[in-house]
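Taken in sequence, the protein lines are chains A and B. Residues 320 to 545 (this note's numbering) make up the first sequence, in order. Residues 67 to 476 (this note's numbering) make up the second sequence, in order. The C-beta atom is built at its ideal place from N, Cα and C for all residues, glycine as well. Note that the coordinates shown come from a computational prediction; the quantities given were computed from them, not determined experimentally. Working notes, structure below.
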Amino acid sequence: MSILEFEGVRKTYRVGEQEIHALAGIDLRIEEGEFVAIIGPSGSGKSTLMHLLGCLDTPTEGRMVVCGTDLSRATPDTLARMRNREIGFVFQSFNLLPQLDVVANIGLPLVYSGVPRRDQRARAEEAARRVGLGDRLANRPPQLSGGQCQRVAIARALVNNPRIVFGDEPTGNLDSATGRNILTIFKELHAAGKTIILVTHDPAIAAEAPRVIELCDGRIVKEAKA
Amino acid sequence: MLGVVLGVSSLIATMALTRGIEEGMHIFMQQLGGLELVKVVPNEPSSLMLEFANLSPGLTLRDAHSLRNSATLISHISPEITHTVSAACSDAGNSERRKARGILPDHFVIGIHGLAAGRWLVDLDIERGARCAVIGHTVANQLWPGTPAADIIGRTILLDQTPFEVVGVLPLYEQEEDTRARQLGKKPRARRWDPFRQKNEAVLIPFSTMFHEFRSGAFPENSMDSLKLDALTVRIGNLDHFRAALGQIRSVLDLSHRGVDDYDLETREDWFDRIESSVRATRLSGGLISAISLIVGGIGIMNIMLASISERIREFGIRLAVGARPRDIFRQILVESMLISLLGGLLGVGASLGLIEILKMISPTENIPVLTTGSILFSVAFALASGLLSGLYPASKAAHLDPITALRYD
Numbered sequence: 320m321s322i323l324e325f326e327g328v329r330k331t332y333r334v335g336e337q338e339i340h341a342l343a344g345i346d347l348r349i350e351e352g353e354f355v356a357i358i359g360p361s362g363s364g365k366s367t368l369m370h371l372l373g374c375l376d377t378p379t380e381g382r383m384v385v386c387g388t389d390l391s392r393a394t395p396d397t398l399a400r401m402r403n404r405e406i407g408f409v410f411q412s413f414n415l416l417p418q419l420d421v422v423a424n425i426g427l428p429l430v431y432s433g434v435p436r437r438d439q440r441a442r443a444e445e446a447a448r449r450v451g452l453g454d455r456l457a458n459r460p461p462q463l464s465g466g467q468c469q470r471v472a473i474a475r476a477l478v479n480n481p482r483i484v485f486g487d488e489p490t491g492n493l494d495s496a497t498g499r500n501i502l503t504i505f506k507e508l509h510a511a512g513k514t515i516i517l518v519t520h521d522p523a524i525a526a527e528a529p530r531v532i533e534l535c536d537g538r539i540v541k542e543a544k545a
Numbered sequence: 067m068l069g070v071v072l073g074v075s076s077l078i079a080t081m082a083l084t085r086g087i088e089e090g091m092h093i094f095m096q097q098l099g100g101l102e103l104v105k106v107v108p109n110e111p112s113s114l115m116l117e118f119a120n121l122s123p124g125l126t127l128r129d130a131h132s133l134r135n136s137a138t139l140i141s142h143i144s145p146e147i148t149h150t151v152s153a154a155c156s157d158a159g160n161s162e163r164r165k166a167r168g169i170l171p172d173h174f175v176i177g178i179h180g181l182a183a184g185r186w187l188v189d190l191d192i193e194r195g196a197r198c199a200v201i202g203h204t205v206a207n208q209l210w211p212g213t214p215a216a217d218i219i220g221r222t223i224l225l226d227q228t229p230f231e232v233v234g235v236l237p238l239y240e241q242e243e244d245t246r247a248r249q250l251g252k253k254p255r256a257r258r259w260d261p262f263r264q265k266n267e268a269v270l271i272p273f274s275t276m277f278h279e280f281r282s283g284a285f286p287e288n289s290m291d292s293l294k295l296d297a298l299t300v301r302i303g304n305l306d307h308f309r310a311a312l313g314q315i316r317s318v319l320d321l322s323h324r325g326v327d328d329y330d331l332e333t334r335e336d337w338f339d340r341i342e343s344s345v346r347a348t349r350l351s352g353g354l355i356s357a358i359s360l361i362v363g364g365i366g367i368m369n370i371m372l373a374s375i376s377e378r379i380r381e382f383g384i385r386l387a388v389g390a391r392p393r394d395i396f397r398q399i400l401v402e403s404m405l406i407s408l409l410g411g412l413l414g415v416g417a418s419l420g421l422i423e424i425l426k427m428i429s430p431t432e433n434i435p436v437l438t439t440g441s442i443l444f445s446v447a448f449a450l451a452s453g454l455l456s457g458l459y460p461a462s463k464a465a466h467l468d469p470i471t472a473l474r475y476d
């Protein structure tokens, strides 16, 4: 069974009198353990698609099933639960909380999944070690380099052991060497059995992915499988 | 937050102030004999009863006996006859007109009298018609200025040239205000009405002595039992049965006076009610002022929280993205705003301690403010409640953020 299943998904925004079809009918299936890159020019709807895939939003029309749960008409609480347990997010701008140290940032999802406080710390430290940040636990994000910040974000995405990891231009703010390192981490995760979905406009990164989905004007225009 | 500090401190100060007034009033009531004191005084019968008013023997010692025997809810009773005498000391001082009162020993219990020196009048004095007297502070001070109370005991006071031995001196009764004025070396303010005047100017002698020395000659046909009393003071045993006790007194007296209403019951109830209602009014207005400043403080907290959440929209976006539910965000904001109000409240408690010290020095009332833990807890709880209420709107605003917009927000 597919881990992500979209059938005729549309997303329409209203700006004044005008209706903008950000997604104009998407049919898509992603199986568990796949490595997918979504590419397309800006305004093609790839961000909107990723927000839907990442359970940050619900579609205007169509059916959307994530990890076996139909989320077409889900409440904010159900969506929050999915984001917390099944999905890990890595953002272009890292999105870490500057006032918290590395361990607290990584442990943030555990705060909202009812894990006891002592276990939170142990699991956050373990996740930090997995991305090679074992010696930076007490630092705060402003004291870290871009690559380190992105590792913290990856550790945070992994701490609750989700089945899907999303990357929204995860290398966009990094130099190419660091970007390659981060990409390597994603590949390792893929090898470990996670489903990886990257949104990017960098063809070099897309080339690393076995499956590439190209969007334009809210539709899938090209799909390539290696 | 300043509003919360002001609100809490003024709330605590107001409560301490009214508490002080209440306690002062309480002591004052006790010194006056308390609520338990009821005075039966002779009164003109109403016009309806004028025709057969002479059927009533009037207020007499017999009433005292029958009340003592029949009115079970009263604990003490003392008849009183007064006679104006000239009081002088044997050592040729100035004499002054004083109202001497003939009483029974119960009088001291009923009036809650203290004793500066000596003893009260006892039953033996009454039985023997002894020529002894207990005098008030003002009387003693006028006759023997500057002499300590203990040295006055045993001296002789001349009442209408009849020598009496002073066996007891009452302490000085004065209001809190005057005590402090005296301690500061200022002269007490002259006042029109001194509630303790009767106590301070007392010349108390045994009831029987009063009758034999001063009153028997006036109406030769009078026996001690049929002599018209000037008053009959009664102490109610238990205030819970105050109304019932008044009823008992009325039914006993109605019987012995053959239904003529030639007496009146004077109670302190109305008076004390008035005092209590003025204390209540003070408390209410003070509380209102504090409540208003707490509301203002709450609005201040709401502004702080609204400003803070608009600076932290991205933070909420991140929290929502990693799985925080709207209610988690809601709770976070509420806890934060309550922490702010708690901090304000604690600062307010600190400020109130200083405020009360200042109030103690320049107290606008005659009583020292009394601080209670209850009032502190109440005020802090009130501050917390205002923090909770003012956090509700910002919290719901933050909880209803759209995660995508919040994440993109700069």
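Close Cβ partners of residue i (< 7 Å) along its chain, the five nearest in sequence each way excluded
{"i": "A/Glu-324", "result": "Arg-348, Val-384"}
{"i": "B/Arg-301", "result": "Glu-102, Leu-103, Ile-140, Ser-141, His-142, Val-175, Ile-176"}
{"i": "B/Ala-387", "result": "Pro-469, Leu-473"}
{"i": "B/Asp-129", "result": "Leu-298, Leu-319, Ser-322"}
{"i": "B/Glu-279", "result": "Thr-228"}
{"i": "A/Cys-468", "result": "Phe-413, Leu-415, Pro-460"}
{"i": "A/Thr-367", "result": "Lys-330, Ala-341, Leu-342"}
Proximal residues to residue i (C-beta, below 6 Å), its chain only, five neighbours per side dropped
{"i": "B/Ser-418", "result": "Ser-75, Ile-78, Ala-79"}
{"i": "B/Val-415", "result": "Ile-442"}
{"i": "B/Glu-88", "result": "Val-345"}
{"i": "A/Ala-543", "result": "Val-531"}
{"i": "A/Leu-517", "result": "Ala-356, Gly-486"}
{"i": "B/Phe-396", "result": "Ala-461, Ala-465"}
When the options are compared against residue i, the one with the closest alpha-carbon
{"i": "B/Ile-169", "options": "B/Ser-152, B/Leu-295, B/Arg-128", "result": "B/Leu-295"}
{"i": "B/Gly-325", "options": "B/Leu-121, B/Met-67, B/Asn-109", "result": "B/Leu-121"}
{"i": "B/Ala-82", "options": "B/Phe-273, B/Ile-361, B/Phe-230, B/Thr-348", "result": "B/Thr-348"}
{"i": "B/Ser-407", "options": "B/Gly-420, B/Ser-445, B/Leu-437, B/Ala-311", "result": "B/Ser-445"}
{"i": "B/Phe-262", "options": "B/Gly-180, B/Ala-215, B/Glu-193", "result": "B/Gly-180"}
{"i": "A/Tyr-431", "options": "B/Leu-405, B/Phe-382, B/Ala-447, B/Phe-448", "result": "B/Phe-382"}
{"i": "B/Ala-199", "options": "B/Pro-272, B/Lys-265, B/Leu-190, B/Glu-162", "result": "B/Pro-272"}
{"i": "B/Pro-25", "options": "B/Tyr-329, B/Leu-400, B/Val-362, B/Asp-191", "result": "The structure shown has nothing for residue 25 of chain B, since chain B only spans 67 to 476."}
{"i": "B/Asn-304", "options": "B/Leu-116, B/Ala-137, B/Val-107, B/His-92", "result": "B/Ala-137"}
{"i": "B/Phe-94", "options": "B/Glu-423, B/Arg-334, B/Ile-361", "result": "B/Arg-334"}
{"i": "A/Asp-521", "options": "A/Cys-535, A/Lys-513, A/Ser-495, A/Lys-506", "result": "A/Ser-495"}
{"i": "A/Glu-326", "options": "A/Thr-379, A/Gly-352, A/Gln-337", "result": "A/Thr-379"}
Outcome for residue i when other beta-carbon atoms lying within 10 angstroms are tallied against a minimum of 16
{"i": "B/Ala-373", "result": "exposed"}
{"i": "B/Val-233", "result": "buried"}
{"i": "B/Asp-172", "result": "buried"}
{"i": "B/Leu-350", "result": "exposed"}
{"i": "B/Thr-204", "result": "buried"}
{"i": "B/Ser-144", "result": "buried"}
{"i": "B/Ala-153", "result": "buried"}
{"i": "B/Thr-126", "result": "buried"}
{"i": "B/Asp-359", "result": "According to the sequence shown, residue 359 of chain B is Ser rather than Asp. Its Cβ being crowded by 16 or more others within 10 Å, B/Ser-359 is buried."}
{"i": "A/Val-334", "result": "exposed"}
{"i": "A/Tyr-332", "result": "exposed"}
{"i": "A/Asn-403", "result": "buried"}
{"i": "B/Met-427", "result": "exposed"}
{"i": "B/Pro-214", "result": "exposed"}
{"i": "A/Gln-439", "result": "buried"}
{"i": "B/Val-71", "result": "buried"}
{"i": "B/Arg-340", "result": "exposed"}
Identified DSSP bridge partners for residue i
{"i": "A/Leu-383", "result": "For the sequence presented, residue 383 of chain A should be read as Met rather than Leu. Beta-bridge pairing links A/Met-383 to A/Phe-325."}
{"i": "B/Glu-525", "result": "Coverage of chain B is limited to positions 67 through 476, which leaves residue 525 of chain B absent and any answer about it impossible."}
{"i": "A/Lys-544", "result": "A/Arg-530"}
{"i": "A/Tyr-332", "result": "A/Ile-339"}
{"i": "B/Tyr-329", "result": "B/Pro-108"}
{"i": "B/Ser-152", "result": "B/Arg-163"}
{"i": "A/Arg-538", "result": "A/Cys-535"}
Cβ distance (whole Å) where residue i is taken to contact residue j below 8 Å
{"i": "A/Asn-371", "j": "A/Val-421", "result": "At residue 371 of chain A the sequence reads Leu, which differs from the Asn that was named. So it is not a contact: roughly 31 Å between Cβ atoms."}
{"i": "A/Gly-537", "j": "A/His-340", "result": "5 Å"}
{"i": "B/Arg-85", "j": "B/Thr-438", "result": "6 Å"}
{"i": "A/Ile-483", "j": "A/Ile-406", "result": "5 Å"}
{"i": "B/Gly-73", "j": "B/Ser-356", "result": "5 Å"}
{"i": "B/Gly-453", "j": "B/Ile-367", "result": "6 Å"}
Sequence-distant residues of the same chain with beta carbon closer than 8 Å to residue i, five excluded per side
{"i": "B/Trp-337", "result": "none"}
{"i": "A/Thr-388", "result": "Thr-397, Met-401"}
{"i": "A/Gly-456", "result": "In the sequence under discussion, the amino acid at residue 456 of chain A is Leu, which differs from the Gly named in the question. Counting only Cβ-Cβ distances below 8 Å, and skipping sequence neighbours, we find Asp-420, Val-421, Val-422, Glu-444, Ala-447."}
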